[in-house]
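Enquirer:
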Amino acid sequence: MTGETKFSVMVSLFEWIQKTKYSAKKRSKFRKFLDTFCKPEDYFSAIRLILPSLDRERGSYGLKESVLATCLVDALGLSKESPDALRLFNWRKGGAKTGVNAGNFSLVAFEVLQSRQVMSSAGLTIKELNDLLDRLALNENRADKTSVLSTLIKKTNAQEMKWIIMIILKDLKLGISEKSIFHEFHPDAEDLFNVTCDLKLVCEKLKDRSQRHKRQDIEVGKAVRPQLAMRVSDAQSAWKKLHVKEVVMECKFDGDRIQIHKNGGEIHYFSRCILDGEMLVWDSSSNRFAEFGSNQEIAKAARDGLDSHRQLCYVAFDILYVGDTSVIHQSLRERHDLLRKFVRPLKGRLEILVPDGGLNDRRLPGEPPCSLIAYNVNAVERFFEETVKNRDEGIILKDLGSKWEPSDRSGKWLKMKPEYIQATSDLDVLIIGGYYGSGRHGGEVAQFLVGLAERPAPNTFPRRFISFCRVGTGLSDDELAAVVTKLKPYFRKYEYPKKGPPSFYQVTNNSKERPDVWIESPEKSIILSITSDIRTISSEVFAAPYSLRFPRINRVRCDKPWHECLDVQSFIELVHSSNGT
Ligand code: ATP
91 MTGETKFSVM VSLFEWIQKT KYSAKKRSKF RKFLDTFCKP EDYFSAIRLI
141 LPSLDRERGS YGLKESVLAT CLVDALGLSK ESPDALRLFN WRKGGAKTGV
191 NAGNFSLVAF EVLQSRQVMS SAGLTIKELN DLLDRLALNE NRADKTSVLS
241 TLIKKTNAQE MKWIIMIILK DLKLGISEKS IFHEFHPDAE DLFNVTCDLK
291 LVCEKLKDRS QRHKRQDIEV GKAVRPQLAM RVSDAQSAWK KLHVKEVVME
341 CKFDGDRIQI HKNGGEIHYF SRCILDGEML VWDSSSNRFA EFGSNQEIAK
391 AARDGLDSHR QLCYVAFDIL YVGDTSVIHQ SLRERHDLLR KFVRPLKGRL
441 EILVPDGGLN DRRLPGEPPC SLIAYNVNAV ERFFEETVKN RDEGIILKDL
491 GSKWEPSDRS GKWLKMKPEY IQATSDLDVL IIGGYYGSGR HGGEVAQFLV
541 GLAERPAPNT FPRRFISFCR VGTGLSDDEL AAVVTKLKPY FRKYEYPKKG
591 PPSFYQVTNN SKERPDVWIE SPEKSIILSI TSDIRTISSE VFAAPYSLRF
641 PRINRVRCDK PWHECLDVQS FIELVHSSNG T
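Its first residue numbered 91, the sequence shown is counted upward by one per residue in our numbering.
Shown next, in the form of structure tokens:
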């Protein structure tokens, strides 16, 4: 029977997965849950709770932390000035007096709920939970949302509610990738999701987990996950990567990636197609695309007819489906031919990006083309320089012989943006250790040892981090305190000579580099954006071959997961290109 699976079972699974360090164990636990505790009829109900950001079935909740705090305060009947309400409103600073959970809304909420909710589970099923979450998304006004939250609070204990809050915020912090979840569910699940973006369909079609599914191609009307570009830092490495391939260089337009699925209708002479491209704003008074950064506002004004010079313009750089067949398996060169054949451009409204003609013909005299075949590395360098001078966002290089693959970032497309190769640009590095401060920072960690990732194999997370530099300035006292508070539970003392650093970190034997505490494991850590005015220096103190002189923290990247840390190779390429070597 549907809907029997209890949410409390999932909560135990979540707690267990979150506490376990090893991904193989996380995966096998999840598999066991599916094998033993979850009925096939409940697969979708369960998996949509684990992968909330992939669930398109339910609309948006319209609840970020601050609104959620207000709704919870009302749902709990708290006065706005009460200590608990203030904890929720000031969640960034940490909930309790000790501030232990600073910056983690669900944990702060857990502290508040703990003293108010019953300890035992009331037996909420995942079916009931999903129904309530549907209501939460459907109800538009805040009072209605509050009433759903108060029902949820009545039907759960604090631990369950903590996870519900994470589900609402669409971030479970489980440390298990979406790829692993799909894989444990069914060997064909990821492929099927990539070409449908439909979690419900995936769970229903693959309900029989022992039965392989015929590989499905893309369809008109089903969103497909985009082909992605791999980042490179300079023309040399790009050229090396695309070695001996025929390459097209294109402008990287800074708009919004949009897929157009056309099914019938009267415009143009193709009846069914899927186009891949970028939505931009065309300025007819200057005959060029509007500067990046302002697209959204201009787009709104253009749509509402408030700006007569500017209008939305779609630049199709690829075609994925024509007539009644998918064409993603054809080469890019062939797909360019299809674009030319089936899409009739309309100036400033619908344009095509191909090496001959198309949008190139709209460039003003003196402007570089926006799509060009490259025959050597010098051509790539020239194209990049000219494009950047022309204030375009960067360039994309594409292997003309490659097929279009959903969700792939293996290097068929490469992107090069100017900010990656300036010495003064921000570097996103991971905190791996901390040094105690003195004076007003006495007794607390006040500086950090940061690391770069060892470049991981494609589609995997980095496993090792190489010590890179020591950084302490740049943050306000409050910002520093929030980072330290957040990391404190994961500080591990370094006791020389008994205990070395955790095995994920590579360091030298230099004593200057030894932090007072290590971060227990990289997944628990935080990314910092750091800058440096002065050139990089060859490093003898730290394990990475270069370090920074006078580094400073620019900001704390709470929005970036640990595994998106800059890797050593990219950093070295960046140093070489900015030193002109
Ligand atoms: P970024 O923040 O650098 O745009 P991203 O993570 O959104 O990166 P990537 O796959 O790394 O996406 O970069 C490709 C993106 O660049 C596409 O999603 C698309 O929106 C944009 N883009 C602009 N011009 C082109 C082009 N000519 N060909 C392909 N993608 C392009």
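All residues carry an ideal CB built from backbone N, CA and C; glycine is no exception.
All values reported here derive from a predicted model rather than from experimental measurement.
Can you give me the start and stop residues for the beta strand (DSSP E) that Leu-440 sits inside?
Expert: 440-442
Enquirer: Would Arg-642 and Val-574 qualify as a contact pair, given that the criterion is a beta-carbon distance under 8 Å?
Expert: no
Enquirer: I'd like the list of long-range same chain contacts for Ser-374, defined as Cβ closer than 8 Å, with 5 residues on each side in sequence excluded.
Expert: His-399, Arg-400, Gln-401, Gly-438
Enquirer: One question on the structure: do Leu-296 and Asp-278 come within less than 8 Å of each other, judged by their Cβ atoms?
Expert: yes
Enquirer: Val-561 lies in the beta strand (DSSP E); which residues open and close that run?
Expert: 555-561
Enquirer: Hey, would you say the C-beta of Phe-407 is under 7 Å away from at least one heavy atom of the ligand ATP?
Expert: True, at least one ligand heavy atom lies under 7 Å from that Cβ.
Enquirer: How is the alpha helix (DSSP H) around Trp-652 delimited, first residue to last?
Expert: From DSSP, Trp-652 is part of no alpha helix (DSSP H); its letter is neither H nor E.
Enquirer: With DSSP run on the structure shown, which of helix, strand or coil describes Leu-101?
Expert: Per the sequence shown, the amino acid found at residue 101 is Val instead of Leu. Note: Val-101 maps to helix in three-state DSSP.
Enquirer: By alpha-carbon positions, which one of Ser-421, Ala-406, Val-658, Val-433 ends up nearest to Gly-413?
Expert: Checking every option, the nearest Cα to that of Gly-413 belongs to Val-433.
Enquirer: Going along the chain, which residues of its own chain have a beta-carbon closer than 6 Å to the beta-carbon of Phe-134, five neighbours each way excluded?
Expert: Lys-290, Cys-293
Enquirer: Give a yes or no on contact between the segment 245-263 and the segment 117-127, applying the rule of three or more CB pairs nearer than 8 Å.
Expert: no
Enquirer: Buried or exposed: Ile-463, going by 16 or more other Cβ atoms within 10 Å of its Cβ?
Expert: Exposed, by the Cβ-count rule.
Enquirer: Measuring only the C-alpha atoms, how far is Leu-656 from Gln-349?
Expert: 30 Å
Enquirer: In the DSSP output, what is Asn-353 paired with across the bridge?
Expert: Arg-362
Enquirer: Could you tell me which uninterrupted beta strand (DSSP E) segments, each at least 3 residues in length, are contained entirely in the segment 424-483, listed from first to last along the chain?
Expert: Listed in chain order, the complete beta strand (DSSP E) runs (minimum 3 residues) inside the segment 424-483 are 440-442, 461-464.
Enquirer: For the segment 360-371 against the segment 486-493, do three or more pairs of beta-carbon atoms, one drawn from each stretch, fall closer than 8 Å, so that the two count as touching?
Expert: no
Enquirer: Apart from the five residues just before and just after Leu-178, which ones in its own chain have a Cβ nearer than 7 Å to its Cβ?
Expert: Ala-159, Leu-162, Val-163, Val-198, Ala-199, Val-202
Enquirer: Taking 7 Å as the line, does the beta carbon of Cys-403 fall inside it for any heavy atom of the ligand ATP?
Expert: no
Enquirer: Terminal residues of the continuous beta strand (DSSP E) containing Tyr-404?
Expert: 400-412
Enquirer: For the ligand ATP, is there a heavy atom less than 7 Å away from the beta-carbon of Lys-342?
Expert: yes
Enquirer: List the residues that DSSP assigns as beta-bridge partners of Pro-612.
Expert: None; Pro-612 has no bridge partner.
Enquirer: Counting along the chain, where does the beta strand (DSSP E) carrying Leu-517 start and finish?
Expert: 517-526
Enquirer: Suppose the cutoff is 8 Å on Cβ atoms and the five residues either side in sequence are ignored; what does the same chain contact list for Glu-476 look like?
Expert: Pro-458
Enquirer: Is Ile-617 near the ligand ATP, going by C-beta to nearest heavy atom under 7 Å?
Expert: no
Enquirer: Report the residue from Trp-372, Lys-576, Phe-407, Arg-305 whose alpha carbon sits nearest the alpha carbon of Asn-194.
Expert: Lys-576
Enquirer: Check whether the Cβ of Ala-319 lies closer than 7 Å to any heavy atom of the ligand ATP, and answer yes or no.
Expert: yes
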